[in-house]
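In what follows, a single structure is set out as structure tokens and then discussed.
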Amino acid sequence: GQNIDQPTEMTATEGAIVQINCTYQTSGFNGLFWYQQHAGEAPTFLSYNVLDGLEEKGRFSSFLSRSKGYSYLLLKELQMKDSASYLCAVRDEDYKLSFGAGTTVTVRA
Amino acid sequence: ETGVTQTPRHLVMGMTNKKSLKCEQHLGHNAMYWYKQSAKKPLELMFVYNFKEQTENNSVPSRFSPECPNSSHLFLHLHTLQPEDSALYLCASSQTPGQGSDTQYFGPGTRLTVL
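Protein chains in written order, with my numbering: chain X, 164 to 272; chain Z, 8 to 122.
If you want it as structure tokens, here you go:
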């Protein structure tokens, strides 16, 4: 099966920066996704990376290194509303999407 | 957002009950998915439908029975469930499942509790 690892929990202060790491071991690679999921709500799409490098979208950026099987999601200028679970998902050579267990980020005032 | 809707949002049922979960997508997508989300565990893919045809059954017990009458609607029929089936059941849809950039859009889920 596929193996996708990310930290269980992270805590940061409002206005700070937090980096959520994701490492993966999959059979082939066809892209990596990040989703945000607030408690009791639907996961919502944040970013997609298929080539190495950094993709920036406002306060959120996502980085990919295919050779290292590594990605991170960078959240800048943290706001209280960013408290949520962040899911890393990888699409393999058969185009199947596998998810990590998610990282719960708590933003404190 | 109302792209993907699910009903009911919460369901409590006994092990001998029969119930159904409903999902509807308003995005014009061709594929629909059922996932199970348990606490602290990765999302588990259960079923995939593409153009109303089931293309994946991820070794799901027969007490879960999916139905996809058209590309916009997906059901999950439940019968004789076990307490360990208690979880959040998420529905998702996407446009082109055979492409790397194909993005899945999720509904809010049904929180199921089996007593």
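Using N, Cα and C, we set each Cβ at its ideal position, and we do this for glycine too. Note that the structure is a prediction, hence the values are computed from the model and not measured.
With distance defined between alpha-carbon atoms, name the residue in GLN169/X, GLN182/X, THR176/X, ASN193/X nearest to VAL253/X. Nearest of GLN169/X, GLN182/X, THR176/X, ASN193/X to VAL253/X, Cα basis: ASN193/X.
In terms of residues, what are the limits of the beta strand (DSSP E) holding VAL124/Z? The requested residue 124/Z does not occur in the structure, where chain Z is confined to residues 8 to 122.
Below 8 Å on C-beta distance, what does SER108/Z contact in chain X? Result: GLY194, TYR211, VAL213.
Where does PRO68/Z fall in DSSP's three states? Of the three classes helix, strand and coil, the one that applies to PRO68/Z here is coil, per DSSP.
Applying a beta-carbon distance threshold of less than 9 Å, which residues of chain X neighbour LEU28/Z? Those do not exist, as LEU28/Z stays about 14 Å from chain X at its closest Cβ, beyond 9 Å.
With DSSP as the reference, identify every bridge partner of GLY216/X, one or two as the case may be. Answer is LEU227/X.
On the DSSP letters alone, give me the boundaries of the beta strand (DSSP E) that ILE180/X sits inside. The continuous stretches of beta strand (DSSP E) do not include ILE180/X, and DSSP gives it neither H nor E.
Using alpha carbons as the reference points, say which of LEU34/Z, VAL55/Z, HIS17/Z lies closest to SER27/Z. Per the Cα distances, HIS17/Z.
Run the CB neighbour count on PHE226/X, radius 10 Å, all protein chains shown included, and call it buried at 16 or more, exposed below. Buried, because 16 or more other Cβ atoms sit within 10 Å of the Cβ of PHE226/X.
Based on the DSSP secondary-structure assignment, which residues constitute the bridge partners of TYR258/X? TYR258/X pairs with nothing; no bridge assigned.
Beta strand (DSSP E) segment containing LEU83/Z, residue limits: Residues 80-86.
Alpha carbon to alpha carbon, how far is VAL55/Z from GLU31/Z? Give it in angstroms, no decimals. Going by the C-alpha atoms only, they are around 14 Å apart.
What residues are listed by DSSP as bridge partners for GLN165/X? DSSP, once it has assigned bridges, lists no residue as partnering GLN165/X.
Identified DSSP bridge partners for THR269/X: Paired residues: THR174/X.
Using 8 Å as the Cβ pair cut-off and three pairs as the minimum, do the region 253-269 of chain X and the region 190-210 of chain X touch? These segments touch.
I think PHE223/X touches LEU214/X, with their Cβ atoms under 8 Å apart; what is that distance to the nearest whole Å? For a cut-off of 8 Å, the C-beta gap from PHE223/X to LEU214/X is around 18 Å, too long to register as a contact.
Per-residue contacts from GLY263/X into chain Z (C-beta, under 8 Å): What GLY263/X touches in chain Z, judged by beta-carbon distance under 8 Å, is PRO49, going in chain order.
The beta strand (DSSP E) enclosing ASN57/Z, as first and last residue numbers: Segment 51-57, the beta strand (DSSP E) holding ASN57/Z.
When the cut-off is 8 Å and only beta carbons count, does GLY105/Z lie next to chain X? So, interface residue.
Chain Z contact residues for PHE226/X, given Cβ-Cβ distances below 9 Å: Going along chain Z, no residue has its Cβ under 9 Å from PHE226/X, so there is no contact; the nearest lies around 17 Å.
Does any CB atom of chain Z fall closer than 8 Å to the CB of ALA205/X? Yes - at least one Cβ of chain Z is within 8 Å of the one on ALA205/X.
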